[in-house]
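Here is the structure we will look at, set down as structure tokens.
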Amino acid sequence: MIGLIGFVIGVVSFFLHQLIERIDHLKWRITKDLLKDERIWEEWLFCAGYSMLFAATFVVVSFFWRPSAGGSGMPEVTGYLNGTQIRRIFSIRTLIAKFLSCVAAIGCGMPIIGSTWDILLSCVKQDITKEIMHVKFSKVQALVLD
Numbered sequence: 003m004i005g006l007i008g009f010v011i012g013v014v015s016f017f018l019h020q021l022i023e024r025i026d027h028l029k030w031r032i033t034k035d036l037l038k039d040e041r042i043w044e045e046w047l048f049c050a051g052y053s054m055l056f057a058a059t060f061v062v063v064s065f066f067w068r069p070s071a072g073g074s075g076m077p078e079v080t081g082y083l084n085g086t087q088i089r090r091i092f093s094i095r096t097l098i099a100k101f102l103s104c105v106a107a108i109g110c111g112m113p114i115i116g117s118t119w120d121i122l123l124s125c126v127k128q129d130i131t132k133e134i135m136h137v138k139f140s141k142v143q144a145l146v147l148d
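Set out below in structure tokens:
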């Protein structure tokens with residue numbers, strides 16, 4: 003199970019890194035082309051619009067679609083480890099929202115990956131563990147009841 007958790011976290015990390023790299027590469031390739039042609043104002047408007055688009059995506063995802071994905075998530079993880087039940091913090095939707103908001107926030111130029119990464123990995127681990135434990139306990143329950 004630990005190997006599966008590590009594998010899935012590695013896959014999520016890889017896709018997050020690749021998506022951020024592609025977004026950054028696209029932004030700077032277009033900016034470079036605009037600067038070659040000495041279209042300074044168009045380049046400035048493009049960079050500002052590009053950043054605002056990703057900032058708006060970050061806001062919509064983390065504050066309107068899934069508010070539990072806003073913030074670093076460290077207080078929630080600490081509370082969970084101390085025994086507090088917090089609804090919808092380790093769900094698939096929170097994982098997707100955290101992933102998308104991470105990509106959008108970094109795409110608009112905010113360096114936030116440090117503490118946000120913890121809750122993203124916690125969501126992955128919790129979902130995998132929940133599914134494995136459900137299957138494991140279902141098999142044990144079937145053996146006991148038979």
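Each residue of the sequence shown is one higher than the one before, starting from 3 at the first, in the numbering used here. Ideal Cβ placement from N, Cα and C applies to all residues, glycine included.
query	result
Whole runs of the alpha helix (DSSP H) within the stretch 61 to 109, excluding any shorter than 4 residues	76 to 83, 94 to 109
Pair within 8 Å by beta-carbon distance, Ile-91 and Glu-78	yes
N-terminal and C-terminal residue of the alpha helix (DSSP H) that Asp-35 is part of	4 to 38
Spatial neighbours of Arg-95 in its chain, beta-carbon cut-off 7 Å, leaving aside the 5 residues before and after	Arg-68
Coil, strand or helix - Ser-117 by DSSP	A caution first: Ser-117 carries a pLDDT of 49, below 50, which makes its placement in the model unreliable, though a value can still be read off. Helix at Ser-117.
Inter-residue CB distance, Ala-106 and Thr-59 (contact presumed, cutoff 8 Å)	4 Å
Cβ-Cβ separation, Val-63 to Leu-102 (assumed contact under 8 Å), whole Å	5 Å
Per-residue DSSP class, three states only, for Met-112	coil
Sequence-distant residues of the same chain with beta carbon closer than 8 Å to Phe-65, five excluded per side	Gly-72
Distance between beta carbons of Leu-18 and Cys-110, contact taken as under 8 Å	Not a contact, Cβ separation roughly 15 Å.
Local Cβ density within 10 Å of Ile-4, reported as buried at 16 or more and exposed below that	exposed
Span separating the alpha-carbon of Met-76 from that of Glu-44	40 Å
Assigned exposure category for Ile-1 - 16 Cβ within 10 Å defines buried	Nothing can be reported for residue 1, as the shown portion of the chain is limited to 3 through 148.
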